[in-house]
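First comes the structure, then the notes that go with it.
Numbering (full-length UniProt numbering), first residue to last: 1 to 317.
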C-alpha cells in the first residue's frame, strides 16, 4: 500500500474513532496500517447513511452500490482509501461476501430506524459489526482462524452494542434511530416516544440495564477468543475491549441516563485504562484473566451470585 493511502486512512480513523485509534497504535505495523485502511473504509460507508446532508434514499443507495463495486474490484476506485482497501482484499483474501454483507447493513440504515427484537438487531449487526470482526481477523492472520473468528464476531457485536447504548441521545436526535430493541422497551414499560422526547425514567434505566447486561455477556465470550490471535495482536485487542467496556461504568454512574448527556471517556480515563491493562498484561498474558481484573464488565460468577446486577436500577441523582 502507498504511504499516502495509509496516511489518508489513518487521518480518518484518528478523527472519527479516537477510542479504537488508541488501541490500534499498539498493533504491530503489519496489522496497524491495514487496520487504518479497514476502519477508514467502514467509516466512509457509514457516513453515506449517517452524515447524508439531506441526500435522498435513492442517492444514498447509489453511493453505497458504487462503494460496493469499488470494494470488490468491479469498478476502479476513486478514493485512496478504496484503492488501499482493494489491495488488502487481494492480499488477505477477504471474502466478497463479507464486504457485501457489510454494505447491505449500511443500506438497512437508510430506511430502518427501529428493531422489534434483539434477534432483528443481531441480524443487522451480522453486517455492521460481525463482518468487521471477520475482516479484522483476516488481516491479523491467526494460525487457528476458524477458532478465532466466532469470538471476533461476538466481540465486534459487543463493541457495536456499546456504541448503541452510548449513543442513544445522538442517534435519536440526529438520525431518528432507536437501536434498543422495541421488545426490551415494552418489557420495561418504555414508550419509544419517551426516547424521542429525551425523557429519562426509571423504566428507561431498567431497559438500559438489561441491554448492558446482555452486552457484557458478549464481551466475556468475545474476549475468550483473544488467545487465538497472534501474540503481538492480543494486547491491542484486549485494550480495545477494556476501553469500549469502560463506557459501561460511565453509563452506570449516570444512573443509566444517556438521554441528558452522552457518556464519554476523558483522556485521563482512557490513559488509566491503558496503564492498568498494560501493567497486568506484563505479569499475566491471559486475556480473560486481565479483562476480568481491569474491565468494567462484571465476572460471570458475580452475575450468578448477584442476579440483581443489571436489574436493580438506581434513581438518578
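Note that CB positions come from ideal geometry on N, CA and C, so glycine has one too.
Chain-order list of residues whose beta-carbon lies under 8 Å from that of residue i (same chain, five-residue window excluded)
| i | result |
| --- | --- |
| residue 188 | 203, 204, 206, 207, 210 |
| residue 49 | 60, 64, 106, 107, 109, 110 |
| residue 116 | 181, 182, 183 |
| residue 251 | 165, 166, 208, 212, 258, 263 |
| residue 124 | 105, 108, 112, 115 |
| residue 214 | 118, 161 |
Contact check, residue i vs residue j, beta carbons under 7 Å
| i | j | result |
| --- | --- | --- |
| residue 81 | residue 42 | no |
| residue 219 | residue 300 | no |
| residue 298 | residue 166 | no |
| residue 131 | residue 101 | yes |
| residue 172 | residue 141 | no |
| residue 233 | residue 31 | yes |
| residue 71 | residue 99 | yes |
| residue 235 | residue 283 | no |
Between the CA atoms of residue j and residue i - distance to the nearest angstrom
| i | j | result |
| --- | --- | --- |
| residue 119 | residue 155 | 17 Å |
| residue 144 | residue 279 | 27 Å |
| residue 54 | residue 222 | 37 Å |
| residue 147 | residue 194 | 43 Å |
| residue 179 | residue 129 | 14 Å |
| residue 1 | residue 35 | 12 Å |
| residue 76 | residue 292 | 46 Å |
| residue 94 | residue 199 | 44 Å |
| residue 277 | residue 231 | 16 Å |
| residue 267 | residue 274 | 10 Å |
| residue 316 | residue 103 | Any reading at residue 316 must be qualified, since the residue scores a pLDDT of 44, below 50, and its modelled position is unreliable; no value is offered. |
| residue 286 | residue 152 | 17 Å |
| residue 174 | residue 190 | 21 Å |
Nearest residue (CA-CA) to residue i, options the options
| i | options | result |
| --- | --- | --- |
| residue 163 | 54, 78, 19, 3 | 19 |
| residue 261 | 30, 168, 27 | 168 |
| residue 84 | 7, 283, 196 | 7 |
| residue 150 | 46, 126, 161 | 126 |
| residue 176 | 75, 114, 153, 71 | 114 |
| residue 257 | 201, 293, 70, 186 | 201 |
| residue 216 | 45, 160, 74 | 160 |
| residue 327 | 39, 243, 56 | As displayed, the chain neither begins before 1 nor continues past 317, which places residue 327 out of reach and without an answer. |
| residue 271 | 253, 249, 243 | 243 |
Sequence-distant residues of its chain with Cβ nearer than 6 Å to residue i (five each side left out)
| i | result |
| --- | --- |
| residue 245 | 219, 295, 296, 297 |
| residue 33 | 6 |
| residue 247 | 162, 166, 263 |
| residue 4 | none |
| residue 78 | none |
| residue 28 | 232 |
Sequence-distant residues of its chain with Cβ nearer than 7 Å to residue i (five each side left out)
| i | result |
| --- | --- |
| residue 314 | Here residue 314 scores only 40 on pLDDT, less than 50, and its place in the model should not be relied on; the value that follows carries that caveat. Taken in chain order, the residues that qualify are 255. |
| residue 10 | 36 |
| residue 269 | 246 |
- Examine the Cβ distances between the stretch 87–94 and the stretch 134–154 and report whether three or more of them are shorter than 8 Å. yes
- Message: Taking contact to mean 3 or more Cβ pairs, one atom from each stretch, closer than 8 Å, check whether the stretch 8–16 and the stretch 227–247 are in contact.
- Response: no
- Message: With three or more C-beta pairs closer than 8 Å as the rule, is the stretch 17–34 touching the stretch 238–250?
- Response: yes
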